[in-house]
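In our numbering, the protein residues as written are 195 to 406.
Even glycine gets a Cβ: it sits at the ideal position worked out from N, Cα and C.
It should be emphasised that the depicted structure is a prediction, and the values quoted were computed from it without experimental measurement.
Dropping the structure here:
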C-alpha cells in the first residue's frame, strides 16, 4: 500500500489516501511501457515526406553519349542520381508509421506509468480544483503552494473549461481528464497532480479493468 497526503490549494495537508499497488498491476511493466510510448510517438508522425526518384524527374531516358570511344567515363541518362538534377537513389515515399496495441495492453501501460510515478514520490493529490473563471495567476499560485516546480500533468475527473484555460498559459503544464490519460502523457511529465475525486475515479477504473 502507498500512502499519499491530500493537500488543499494552500498547500496544507487535510487528509490521507491509501493506494493499493495491486489495483495498478502490482509491478511496473517496463517493456510494455516502452512499447506504448513508441506507439504514441510513432502515431504522431505525419509520414508525408517524399522525394523524386529517377523515374519521376523530367528528362530523356537516352544515354548522354555512347558507352565507348569518347574518352570520357561512361555515363547513363540525365535522370541518374549521380548527376545534379537527377532523381534520388533511395527516394522517400509517403508511408504510414502508425502502430496499434490492444486496449488492455494500453491500460496496463498507463497503470504502470502511474505506479512508477507513485513509487518515485512524483504524485501530488489536491482536494479539489475549481475556478469561477479562468485565472492563470491563481492556478500558478496553487502549483507554487503545492511545491510543483517541474513539468506537471494535471489529472481531473471531467473536463473543466476554467481549469484548462487557467493552465494553458503555464509552461510545461498540461491538463487531462482521467478518461484521456495515457502512458506517453504521464511519462513526458516529471510530476502528476491528481484531484482527489480524479484519483478515486482512476483507481476505480483500474480496478474494474483488473476484474474484467
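With fewer than 16 other Cβ atoms inside 10 Å of its own Cβ, residue 214 counts as exposed. Between residue 319 and residue 200, the C-beta gap is smaller than 8 Å, which places the two residues in contact.
If you look at residue 196, you'll find it in the beta strand (DSSP E) that goes 196 to 201. Residue 361 is positioned such that its CB atom lies no closer than 8 Å to that of residue 231. Of all alpha-carbon atoms in 308, 310 and 359, the one lying nearest the alpha-carbon of residue 332 is that of 359. When secondary structure is reduced to three states using DSSP, residue 299 falls in the helix class. Residue nearest to residue 217 within the set 236, 226, 210 and 196 is 196 (criterion: CA-CA distance). Under the 8 Å Cβ criterion, the stretch 251 to 268 does not count as touching the stretch 217 to 228, having fewer than three qualifying pairs.
Taking the Cα of residue 198 as reference, the smallest distance to any Cα among 273, 280, 383 and 309 is reached at 309.
With respect to the C-alpha of residue 302, the residue from 343, 342, 352 and 225 having the closest C-alpha is 225. Under the three-state reduction of DSSP output, residue 282 falls in the strand class. Shown here, residue 325 sits in coil according to DSSP, grouped into three states, outside any helix or strand.
Under DSSP, residue 386 takes part in a beta bridge, and its partners are 317 and 347. Cβ neighbours of residue 243 within its own chain (closer than 6 Å, five residues either side excluded): 286. By the C-beta criterion, the stretch 273 to 289 is judged not to be in contact with the stretch 201 to 210, since fewer than 3 inter-stretch pairs fall below 8 Å. Residue 357 counts as buried, since at least 16 other C-beta atoms from the protein chains shown sit within 10 angstroms of its C-beta.
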